[in-house]
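Have a look at the structure below, then the notes.
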Amino acid sequence: MRRIAKEFRAEMRAGLAGKKSSLKMLPAYIGAPTGDERGRCVALDLGGTNFRIALVDLKGGGRLGSKKTRAYAIPKKHVTGSGTSFFDYIARCLKCFMEEEGISQEDIRLGFTFSFPLQQTGIASGVLVKWTKAFRVSGVEGRDVVKMLQGALARQRMGVIKVSAIINDTIGAFAALRYRDARCDVGVIIGTGTNGCYFAQDAHGGRLINIEWGNYDKLPTTIYDKAVDRASNNRGEQTLEKMVSGMYLGQIVEMMVNDLVNNSLLFITPNNKRSYVRRFTSELISYIEEDTTKQLRNVGRVLDDLGVSNHSAKDRVILKYVCRTVSRRSARILVSVLSGVITTIDENLSRDHAVAIDGSLYEKHPAFSDNIRKGLKELFGSKASRIKIILTKDGSSEGAAVVAAITPS
Ligand code: BGC
Numbered sequence: 260m261r262r263i264a265k266e267f268r269a270e271m272r273a274g275l276a277g278k279k280s281s282l283k284m285l286p287a288y289i290g291a292p293t294g295d296e297r298g299r300c301v302a303l304d305l306g307g308t309n310f311r312i313a314l315v316d317l318k319g320g321g322r323l324g325s326k327k328t329r330a331y332a333i334p335k336k337h338v339t340g341s342g343t344s345f346f347d348y349i350a351r352c353l354k355c356f357m358e359e360e361g362i363s364q365e366d367i368r369l370g371f372t373f374s375f376p377l378q379q380t381g382i383a384s385g386v387l388v389k390w391t392k393a394f395r396v397s398g399v400e401g402r403d404v405v406k407m408l409q410g411a412l413a414r415q416r417m418g419v420i421k422v423s424a425i426i427n428d429t430i431g432a433f434a435a436l437r438y439r440d441a442r443c444d445v446g447v448i449i450g451t452g453t454n455g456c457y458f459a460q461d462a463h464g465g466r467l468i469n470i471e472w473g474n475y476d477k478l479p480t481t482i483y484d485k486a487v488d489r490a491s492n493n494r495g496e497q498t499l500e501k502m503v504s505g506m507y508l509g510q511i512v513e514m515m516v517n518d519l520v521n522n523s524l525l526f527i528t529p530n531n532k533r534s535y536v537r538r539f540t541s542e543l544i545s546y547i548e549e550d551t552t553k554q555l556r557n558v559g560r561v562l563d564d565l566g567v568s569n570h571s572a573k574d575r576v577i578l579k580y581v582c583r584t585v586s587r588r589s590a591r592i593l594v595s596v597l598s599g600v601i602t603t604i605d606e607n608l609s610r611d612h613a614v615a616i617d618g619s620l621y622e623k624h625p626a627f628s629d630n631i632r633k634g635l636k637e638l639f640g641s642k643a644s645r646i647k648i649i650l651t652k653d654g655s656s657e658g659a660a661v662v663a664a665i666t667p668s
């Protein structure tokens with residue numbers, strides 16, 4: 260972990276200096292919220308499994324008033340279809356939301372969380388560098404996504420609405436927590452994908468950087484990581500993400516399990532018929548690791564559902580062990596890069612740092628937060644208590660509202 264942290268810091272420096280680096284280090288063009296942001300803002304939140312819209316009422320003084328959120332499934336045809344139909348779908352969802360909530364076009368302040376690498380030139384403009392996760396919408400890479408959304412809004416007769424700000428979800432998590440806690444200087448997402456951002460104070464006030472750590476490529480990989488990469492739709496990219504985030508952990512377990520099966524070390528039947536597992540997800544990892552029953556009942560249920568009929572008690576123990584190994588490695592890689600980030604801001608941990616963290620893996624996995632805590636302790640000893648890891652649920656959308664409220668409309 261120490262070695263990864265050190266190498267990661269060097270990679271961050273290279274990225275900032277414009278040298279060759281797997282870290283994009285993208286500036287966010289906003290300052291840190293003060294907590295005094297006020298007003299009703301609408302947030303669009305795009306980048307995970309669902310597309311979400313939220314109406315957030317900011318009261319100032321770090322307080323939130325009422326909040327209404329709606330999730331919209333993104334039909335598969337849009338995830339891999341054309342940019343125009345994709346943004347038209349987003350605009351139509353917004354139209355429905357506004358009608359349902361009785362929001363008029365004239366008084367809407369709109370923040371847009373777009374959870375992909377964006378090269379920004381200002382607070383309300385950003386060019387998509389590359390799609391990640393399962394997204395493959397055509398004709399969007401290399402284009403300004405705010406312009407594309409504005410075009411769709413105009414087509415839906417909502418041209419008066421102007422996007423106030425576009426941000427990454429890590430920036431959203433950061434802004435949501437910073438709104439109520441001035442110690443927050445790092446934002447982390449660990450869900451379908453993974454990424455981090457940080458705020459570094461400097462002579463000009465400070466700068467907020469979206470690291471895009473999912474693309475970090477200096478980690479030691481296994482044959483299973485290489486197999487996951489080969490099976491992906493973005494080979495050679497997002498190497499860290501493929502070892503750490505929810506979209507891939509299940510696949511790693513699946514590759515390991517099937518390798519054990521191939522070597523006749525698992526699910527051995529009397530007639531030597533091999534049972535392979537398919538479509539193993541990270542939700543199953545959480546479910547299996549939650550299992551503290553002596554008979555490993557959850558594990559047995561999962562195997563039954565996956566069609567593995569002949570599992571022994573030993574098989575169940577092994578499967579749980581594989582899950583634990585994969586999720587623990589994920590947490591420890593996360594700790595390593597996180598500590599690289601924090602020591603970049605404050606080398607000797609001379610003050611408190613609050614890390615806003617959000618994402619389904621962190622929230623739902625039974626041991627993830629514990630593994631992070633333990634890892635930080637190993638690295639920093641008693642000083643680890645200076646690092647507060649704070650679950651910032653819905654941070655990505657709340658943060659977009661906060662940032663929209665900072666931005667003069
Ligand atoms: C994207 C990041 C995003 C992260 C978490 C990654 O795949 O590249 O921009 O922050 O997922 O959603």
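Position 256 of the sequence shown, counting from 1, maps to 515 under the working numbering, and the rest follow consecutively.
For glycine and all other residues, C-beta sits at the position ideal for the given N, C-alpha and C.
- Partner residues in the beta bridge of Ile468, as assigned by DSSP, are Pro286, Tyr457.
- The beta-carbon separation of Arg368 and Cys300, rounded to 5 Å, stays under the 8 Å limit for a contact.
- Fully enclosed alpha helix (DSSP H) runs of no fewer than 4 residues occupy 505 to 521 of the region 500 to 546, in order along the chain.
- Counting the other CB atoms within 10 Å of its CB gives Val404 a total of 16 or more, which places it among the buried residues.
- Set against 7 Å, the gap from the CB of Ser374 to the closest heavy atom of the ligand BGC is smaller.
- Lys327: not part of any alpha helix (DSSP H); member of the beta strand (DSSP E) spanning 322 to 332, first to last residue.
- Secondary-structure assignment with DSSP links Cys443 through a beta bridge to Ala613.
- For Asn607, the secondary structure class from DSSP, reduced to helix, strand or coil, is coil.
- Proximity to Gly342 across Tyr331, Lys326, Ile289, Lys406 peaks at Lys406, based on C-alpha coordinates.
- Contact between the region 512 to 525 and the region 534 to 554 is established, with three or more Cβ pairs separated by less than 8 Å.
- Taking the C-beta atoms as reference points, Met502 is found no nearer than 8 Å to Lys392.
- Around the CB of Asp347, 16 or more other CB atoms lie within 10 Å, so the residue is classed as buried.
- Secondary structure note for Leu638: its alpha helix (DSSP H) is the uninterrupted segment 627 to 639.
- Cα atoms of Leu282 and Arg556: separation of roughly 42 Å, rounded to the nearest angstrom.
- In this structure Gly307 does not touch Ser397 by the C-beta definition: roughly 20 Å separates them, more than the 8 Å allowed.
- Collapsing the DSSP output to three states places Thr372 in a strand.
- Between Val594 and Gly634 a beta carbon distance of about 3 Å is seen, short of the 8 Å cut, so the two are scored as contacting.
- Residue environment: Ser586 is assigned as buried (16 or more neighbouring CB atoms within 10 Å of its CB, all protein chains considered).
- In the three-state reduction of the DSSP assignment, Leu387 falls in the strand class, which pools E and B.
- One thing to note: Ile430 has its Cβ within 8 Å of the Cβ of Ala287.
- Between the ligand BGC and Ile448, a heavy atom-to-CB distance of less than 7 Å is present.
- Under the three-state reduction of DSSP, Lys335 is assigned to helix.
- Proximity of the beta carbon of Asp428 to the ligand BGC is indicated: a heavy atom of the ligand is located closer than 7 Å.
- Pairing Glu359 with Thr328, the inter-Cα distance amounts to about 12 Å.
- With the rule of 3 Cβ pairs closer than 8 Å, the region 641 to 659 counts as touching the region 595 to 610.
- Among the bridge pairs identified by DSSP, Lys647 is matched with Ala613.
- Taking the C-beta atoms as reference points, Ala664 is found no nearer than 8 Å to Ala435.
- Leu314 and Val419 have their C-alpha atoms roughly 18 Å apart.
- For Asp304, the enclosing beta strand (DSSP E) has its first and last residue at 297 to 305.
- With a cutoff of 8 Å on beta-carbon distance, Phe371 and Ala424 are scored as near each other.
- According to the DSSP assignment, Val422 belongs to the beta strand (DSSP E) that extends over 422 to 426.
- Here Pro334 is exposed. Its C-beta has fewer than 16 other C-beta atoms within 10 Å.
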